[in-house]
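*Asks:*
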Amino acid sequence: SEADFDALHRALSEVDGLAFYNAGKAAGASQGHKHLQVVPLPLGSEHPGPPMETLLRSAELATSADTSPHLPFPHAACRLEDFAATGGSALLERFHALRGALGLTSWEAPYNLLATRRWMLLVPRTSERFQGTMINALGFAGGFLVRDRDDLEHLRQTGPMRVLQGVTGAIEE
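The numbering of the sequence shown is the working numbering, which starts it at 39 and goes up by one.
(1) On a Cα-Cα basis, can you pick out the residue from L142, R95, L176 and Y149 that is closest to C116?
(2) Excluding sequence positions up to five away, which residues of its chain have a Cβ less than 7 Å from the Cβ of M90?
(3) Can you list the beta strand (DSSP E) stretches of 3 or more residues lying completely in the region 62-86, in chain order?
(4) Quick one: what does DSSP say P148 is sitting in, helix, strand or coil?
(5) Give me the Cβ distance between P148 and A208, rounded to the nearest whole Å; I'm assuming they're in contact under 8 Å.
(6) Going by alpha carbons, who is nearest to W145 out of N60, A49, G55 and L46?
(7) Do the CB positions of D44 and K72 come within less than 9 Å of each other?
(8) DSSP state of F58, grouped into three classes?
(9) Just to confirm, is the Cβ distance from S102 to A135 under 9 Å?
(10) Would you kindly report the start and end of the unbroken beta strand (DSSP E) that includes L159?
(11) Taking all protein chains shown into account, decide if H113 is buried (16 or more other Cβ within 10 angstroms of its Cβ) or exposed.
(12) How big is the Cα-Cα spacing for M172 and T143?
(13) Where does F168 sit, in a helix, a strand or coil, going by DSSP?
(14) Buried or exposed: which applies to G197, given that a residue is buried once 16 or more other Cβ atoms fall within 10 Å of its Cβ?
(15) Start and end of the alpha helix (DSSP H) containing A135?
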């Protein structure tokens with residue numbers, strides 16, 4: 039709703055961060071209620087943005103629904119310009135454009151939404167897990183949460199992009 043995107047705009051206006059939303063259990067939602075999460079940037083010391091931002095190449099994206107040839111899974115993204123002057127209604131319009139580009143007509147369809155002051159990314163989901171590895175929206179920012187060393191080793195052997203492809207239906211498990 040517009041109120042949700044007003045909240046997104048207010049949060050990112052206050053904190054230069056990565057906002058993310060897990061829409062549905064298959065998208066990695068762990069709670070039964072709607073909530074937006076924001077992680078302050080930088081996530082680490084090597085790059086000011088999320089690790090995936092390098093592949094997303096947000097500066098090259100259109101301000102309307104676009105895709106990045108560097109991301110090998112279904113997605114739609116757009117560049118956000120002049121974030122401070124943008125409001126919730128403009129962000130909602132961009133969100134609807136991304137949904138339309140992906141053909142997400144049902145509000146029951148699971149997806150992950152990620153946004154910074156520079157870009158917005160929408161990823162449709164088909165599964166919560168790939169080969170036992172649970173993925174939420176942070177995976178599409180380049181952050182993977184693992185429970186133990188075995189999970190970390192499995193992620194390394196499988197490869198992060200293959201895992202992301204697996205939870206979007208780009209490849210079969």
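For every residue, glycine included, the Cβ atom is placed at its ideal position computed from N, Cα and C.
It should be emphasised that the depicted structure is a prediction, and the values quoted were computed from it without experimental measurement.
*Replies:* For this structure:
(1) Among L142, R95, L176 and Y149, the Cα nearest to that of C116 belongs to R95.
(2) Here the set comprises F178, A179 and G180.
(3) Correct list: 75-78.
(4) In this structure, P148 counts as coil in the three-state DSSP scheme.
(5) 15 Å between Cβ atoms; not a contact.
(6) Here the closest residue by C-alpha is N60.
(7) In this structure, K72 does not lie closer than 9 Å to D44 by Cβ.
(8) In this structure, F58 counts as strand in the three-state DSSP scheme.
(9) Cβ atoms of S102 and A135: closer than 9 Å.
(10) It spans W157 to P162 - the beta strand (DSSP E) in which L159 sits, taken as one unbroken run.
(11) Buried, since its Cβ has 16 or more Cβ neighbours within 10 Å.
(12) Cα to Cα, the separation comes out at about 25 Å.
(13) Secondary structure of F168 (DSSP, three-state): strand.
(14) With fewer than 16 Cβ atoms within 10 Å of its Cβ, G197 is classed as exposed.
(15) Element bounds for A135: G126 to L140.
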